[in-house]
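Mind the numbering: the sequence shown is residues -16 to -1, 1 to 127 in mature numbering (1 follows the signal peptide of the UniProt record, and there is no 0), read in order. All C-beta atoms in this analysis are idealised placements derived from N, C-alpha and C, irrespective of residue type, glycine included. Only one structure is covered here, and it is reproduced in the block below.
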Amino acid sequence: MKAFVVFSLVFVSAFAQHPAELDFDSTAAIQRLHSALLERFPTPAPPVRAVPVRPLPTPRPRQQQAGLLAGHLAGHQAPHRFEGPPQPIKKWNGPFAHELPAGVPGSVGHTQFTPEVAAAHRFIAQAHLNHVKQRLAMEGQQF
């Protein structure tokens, strides 16, 4: 078992690739993942129901009957409006933005995975690879 672990570590260190040397398109990979997810778990369109229009009774405003001060004793009294009983929070049952087509020709990838962002990722990975190679060259001279 130990020999297998040592062999696998030697194999990985000998044949591993640095991310700057890989040809990997993150936008295409995420598009494939989303396509597979939507094929496996399709989102059905929400049912369209006709809602009957009914007039709701409007509550009469409540008047304050007692405790009214007059003249200089009145001060400022902010009007109080009756808001009615608390209403339940309405939830959205329709489709979300990532489930609707964008109305543009072709597939639309995520904006954070544009070609410019991919080029910046490749540049950073290449700079990291160059730095690692320089450090290895410097450490090789020390021995």
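So what does DSSP say about residue i, is it helix, strand or coil?
i	result
Arg119	helix
Phe127	Residue placement at Phe127 is flagged as unreliable, the pLDDT there being 48, under the threshold of 50; the coordinate-derived value follows with that caveat. In this structure, Phe127 counts as coil in the three-state DSSP scheme.
Leu22	helix
Glu100	helix
Asn77	coil
Phe66	coil
Thr27	coil
Leu113	helix
Leu40	coil
Val32	coil
Arg106	helix
Ser(-9)	helix
Gln15	helix
Please look up how many angstroms separate the CB atoms of residue i and residue j, rounded, as I've assumed it's under 8 Å.
i	j	result
Phe80	Ile14	No, Phe80 and Ile14 are not in contact; Cβ-Cβ is about 17 Å, not under 8 Å.
Pro45	Phe25	In fact, because the Cβ distance is near 51 Å, the residues do not count as touching under 8 Å.
Ala102	Ser10	7 Å
Gly68	Pro43	6 Å
(message) For the pair the stretch 17 to 29 and the stretch 111 to 123, tell me if three or more CB-CB distances fall below 8 Å.
(response) no
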